[in-house]
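Residue numbers (the UniProt record's numbering): 1 to 304.
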């Protein structure tokens, strides 16, 4: 189905909202790490958003019967996207600045090229060039220990390892859903299943580690409550809601521009609010990665 040629003001505002909201989630997690363990942040935000999505899906009449095969797909996607993707990204935030994390996570389209190539869909020369440029940027970032949060340099490589697990798991989940053609349901239903599944597993891990027991909600400052509310309701629910709306209203290429706009927003928010450094190496490596994503996502495909 062809998307509309003209873009309405509402749609443009929705796209801008997606840029800002998803670009700010890295900063929100970074702020919350001052008050909460990383896995507590991950399981709580996803359980809150996931359960609300399930209620929305059922009461809103969006719930559809799911085949056993698709149940398996979305349950596994919950593990990949939320338990591993979201959980390890939060763990990385203990030593990696929010701006750097956002740039690293932007290599998603490059990984999807590789996953689809392995599955038999050979990429074009343009996509191969973009993938090569992007990974050069990643290698450059990964070699710069001085980009760690001040005082956390010793944990920099562990943090980068956590980010690597997060970005591979997240995009493997995205690939798996597309490959299995299981993305035909309303976004409230699939987001609810995935977030609740991944969040429950993270809850179990946090309880096993003793992280959840260490949190005293009554002692949390209002700042932490406000940021968590924003992360769960705006970052997760509104962000995914806008993404679901835009996926139907616009061409997928235009929607995918969030992959290279979000890191720019995250870099500058981290610099302005948290004072994260915008070194020349970080900016150069970021420009390589974002140029690679732009090269890939703006390639025109011929319709048959």
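Glycine residues also receive a C-beta, built at the ideal position from the N, C-alpha and C atoms.
Exclusion of the five residues before and after residue 242 leaves 14, 17 and 18 as the residues of its chain whose Cβ lies within less than 6 Å of its Cβ.
In the three-state reduction of the DSSP assignment, residue 299 falls in the coil class. By the Cβ test, the segment 187-200 is in contact with the segment 47-58, since at least three Cβ pairs between them sit closer than 8 Å.
In this structure residue 29 does not touch residue 274 by the C-beta definition: roughly 12 Å separates them, more than the 8 Å allowed. When rounded, the separation of the alpha-carbon atoms in residue 158 and residue 255 is 32 Å.
Assigned with DSSP and collapsed to three states, residue 211 falls in coil, not helix or strand. Residue 127 is classed as buried because its beta carbon has at least 16 other beta carbons within 10 Å across all chains shown. Between the C-alpha atoms of residue 43 and residue 141 there is a straight-line separation of about 28 Å. By the Cβ test, the segment 58-66 is not in contact with the segment 277-293, since fewer than three Cβ pairs between them sit closer than 8 Å. When 122, 81, 135 and 146 are compared, the shortest CA-CA separation from residue 96 is found for 146. Uninterrupted beta strand (DSSP E) stretches at least 3 residues long and entirely within the segment 149-202 do not occur. Buried is the label assigned to residue 276, since at least 16 other Cβ atoms lie within 10 Å of its Cβ. Relative to residue 91, the option among 294, 123 and 155 whose CA is nearest is 155. In this structure the segment 157-172 does not lie against the segment 22-36, because fewer than three pairs of beta carbons, one per stretch, are closer than 8 Å.
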